[in-house]
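*Asks:* Before anything else, here's the structure in question.
In the working numbering, the protein residues as written are 205 to 495.
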């Protein structure tokens with residue numbers, strides 16, 4: 205119970221989805237899980253037509269439509285109602301398919317393949333759903349689980365991968381196979397997590413093999429520009445620039461922040477953190493006045 209609780213009955217699901225297009229005169233195609241006579245009549249009252257297959261245990265289906273004995277292959281049997289037409293088609297021996305349509309009002313059968321126009325319309329308009337199902341099945345991320353939240357999450361990933369491919373192809377001229385695109389997409393989705401995980405290597409608890417794999421995702425150290433308040437030292441000691449004229453010039457690992465020349469402690473002045481920025485600004489003013 206709650207303010208966001210909704211009915212998941214097949215008929216109620218269709219009503220919620222189609223509510224924005226009431227009175228628009230559009231046609232809806234669905235499979236046998238959604239189809240019922242009551243739903244067809246309701247959508248007809250909202251100026252929407254409906255075409256779809258029906259389960260044989262649905263209420264309101266005449267017994268003549270369910271029978272297959274003695275009926276030849278590719279035969280059709282029609283039943284007409286006030287606002288809809290029902291047809292039973294036999295594609296194979298002792299097997300039939302039942303459809304209902306509020307869009308068709310006549311017993312039209314294609315002469316080439318002997319299929320009713322209702323079935324041809326259903327096959328033509330449901331191709332989008334079948335195509336999506338096929339794409340999801342070819343590269344499916346779903347795994348066996350008893351948690352319904354994971355089932356929804358896997359379905360969202362499958363649909364999201366298809367939508368991302370459509371958007372990507374629409375925004376750029378270059379195309380690539382769907383397999384390669386999904387691999388690149390998956391790498392981008394986990395890149396931030398891998399970088400965070402790589403920073404946790406020092407904390408331990410990660411196997412050596414995993415540590416080696418994560419090192420390539422570890423962000424490079426940020427280079428901090430030297431400031432007057434930081435300790436600036438050379439990687440290798442050099443001769444002091446001001447001691448070269450002496451007999452024994454000193455080796456030093458320090459350098460001047462302003463001119464970058466190596467300088468020993470004998471030829472340096474020390475400033476506190478508060479005065480260092482002021483002295484740096486004064487040196488810059490003197491340089492500009494000299495120019």
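Cβ atoms here follow ideal geometry from the backbone N, Cα and C, with glycine treated the same way.
Touch check for the segment 230-250 and the segment 335-345: three-plus C-beta pairs under 8 Å?
*Replies:* no
*Asks:* In its own chain, which residues sit with a C-beta less than 6 Å from the C-beta of residue 454, not counting the 5 before and 5 after it?
*Replies:* As a first step, residue 454 is located in the chain shown; it is residue number 250 there, counting from the start. Excluding the 5 residues flanking it on each side, residue 454 has same chain C-beta neighbours closer than 6 Å at 444, 447 and 468, in chain order.
*Asks:* Which two residues bound the contiguous alpha helix (DSSP H) that contains residue 382?
*Replies:* As a position in the chain shown, residue 382 is number 178, starting the count at 1. It spans 382-403 - the alpha helix (DSSP H) in which residue 382 sits, taken as one unbroken run.
*Asks:* Under DSSP, the alpha helix (DSSP H) around residue 336 begins and ends at which residues?
*Replies:* The residue labelled residue 336 in the question sits at position 132 within the chain shown. Run containing residue 336: 331-342, per the alpha helix (DSSP H) assignment.
*Asks:* To the nearest angstrom, how far is it from the Cα of residue 232 to the Cα of residue 243?
*Replies:* Taking the chain shown and counting its residues from 1, the one referred to as residue 232 is at position 28. Taking the chain shown and counting its residues from 1, the one referred to as residue 243 is at position 39. Using only the alpha carbons, I get a separation of about 11 Å.
*Asks:* Using only CA atoms, which one of 338, 258, 263 and 336 lies nearest to residue 293?
*Replies:* In the chain shown, the residue the question calls residue 293 occupies position 89. With distances taken between Cα atoms, residue 293 lies closest to 258.
*Asks:* Please state if the CB of residue 359 and the CB of residue 385 are separated by a distance shorter than 9 Å.
*Replies:* Taking the first residue of the chain shown as position 1, residue 385 is located at position 181. Taking the first residue of the chain shown as position 1, residue 359 is located at position 155. Taking 9 Å as the Cβ cut-off, residue 385 and residue 359 do not qualify as a contacting pair.
*Asks:* I'd like to check one pair, residue 324 with residue 314: are the Cβ atoms closer than 9 Å?
*Replies:* Stepping through the chain shown from its first residue, residue 314 is reached at position 110. Stepping through the chain shown from its first residue, residue 324 is reached at position 120. In this structure, residue 324 lies closer than 9 Å to residue 314 by Cβ.
*Asks:* Can you tell which of 295, 310 and 214 has the C-alpha that lies nearest to the C-alpha of residue 286?
*Replies:* Here residue 286 refers to the residue found at position 82 when the chain shown is read from its first residue. For residue 286, the nearest C-alpha among the options comes from 310.
*Asks:* Between residue 337 and residue 414, what straight-line distance do the alpha-carbon atoms span, to the nearest angstrom?
*Replies:* Stepping through the chain shown from its first residue, residue 337 is reached at position 133. Stepping through the chain shown from its first residue, residue 414 is reached at position 210. Across the structure, residue 337 and residue 414 are spaced so that their CA atoms are roughly 35 Å apart.
*Asks:* Extract the residue ranges of the alpha helix (DSSP H) inside the segment 343-381, only unbroken runs of 4 or more that lie entirely within it.
*Replies:* 352-375
*Asks:* With DSSP run on the structure shown, which of helix, strand or coil describes residue 220?
*Replies:* Indexing the chain shown from 1 puts residue 220 at position 16. Correct three-state label for residue 220: helix.
*Asks:* DSSP has residue 234 in a bridge; who is on the other side?
*Replies:* One-based indexing of the chain shown puts residue 234 at position 30. DSSP, once it has assigned bridges, lists 256 as partnering residue 234.
*Asks:* Taking the CB atoms as reference points, tell me whether residue 253 and residue 278 lie closer together than 9 Å.
*Replies:* Reading the chain shown from its first residue, position 49 is the one you call residue 253. Reading the chain shown from its first residue, position 74 is the one you call residue 278. Taking 9 Å as the Cβ cut-off, residue 253 and residue 278 do not qualify as a contacting pair.
*Asks:* Quick one: what does DSSP say residue 298 is sitting in, helix, strand or coil?
*Replies:* Position 94 of the chain shown, counted from the start, is the residue given in the question as residue 298. Three-state result, residue 298: coil.
*Asks:* Does DSSP put residue 313 in a helix, a strand or coil?
*Replies:* One-based indexing of the chain shown puts residue 313 at position 109. Reduced to three states, the DSSP call for residue 313 is strand.
*Asks:* First and last residue of the alpha helix (DSSP H) that includes residue 247?
*Replies:* In the chain shown, the residue the question calls residue 247 occupies position 43. 241-249 is the extent of the alpha helix (DSSP H) around residue 247.
*Asks:* Identify, in the order they occur along the chain, each residue of the same chain with its Cβ nearer than 8 Å to the Cβ of residue 207, setting aside the five sequence neighbours on each side.
*Replies:* In the chain shown, counting from the first residue as 1, residue 207 sits at position 3. None.
*Asks:* Rounded to the nearest angstrom, what separates residue 458 and residue 370 at their Cα positions?
*Replies:* Position 254 of the chain shown, counted from the start, is the residue given in the question as residue 458. Position 166 of the chain shown, counted from the start, is the residue given in the question as residue 370. If I take the Cα positions, the gap works out to 58 Å.
*Asks:* Between the beta-carbon of residue 269 and the beta-carbon of residue 291, is there less than 9 Å?
*Replies:* Here residue 269 corresponds to residue number 65 of the chain shown, with the count starting at 1. Here residue 291 corresponds to residue number 87 of the chain shown, with the count starting at 1. Taking 9 Å as the Cβ cut-off, residue 269 and residue 291 qualify as a contacting pair.
*Asks:* Can you tell me whether residue 464 is helix, strand or coil according to DSSP?
*Replies:* For this step, residue 464 is matched to residue 260 along the chain shown. Residue state, collapsed to three classes: coil.
*Asks:* DSSP state of residue 319, grouped into three classes?
*Replies:* Numbered from 1 along the chain shown, position 115 holds the residue referred to as residue 319. Looking at residue 319 - three-state DSSP - the assignment turns out to be coil, as it is neither helix nor strand.
*Asks:* Would residue 321 and residue 298 be called neighbours here (beta carbons separated by less than 9 Å)?
*Replies:* Here the question's residue 321 lines up with position 117 in the chain shown. Here the question's residue 298 lines up with position 94 in the chain shown. No, they are not a contact pair.
*Asks:* So is residue 451 buried or exposed if we call it buried at 16+ other beta carbons inside 10 Å?
*Replies:* Working through the chain shown from its first residue, we reach residue 451 at position 247. Exposed, by the Cβ-count rule.
*Asks:* Out of 361, 332 and 300, which one is the CA nearest neighbour of residue 389?
*Replies:* The residue given as residue 389 occupies position 185 in the chain shown. A check of alpha carbon separations from residue 389 across 361, 332 and 300 identifies 361 as the nearest.
*Asks:* So what does DSSP say about residue 269, is it helix, strand or coil?
*Replies:* Here residue 269 corresponds to residue number 65 of the chain shown, with the count starting at 1. In the structure shown, residue 269 sits in a helix (DSSP, three-state: H, G or I).
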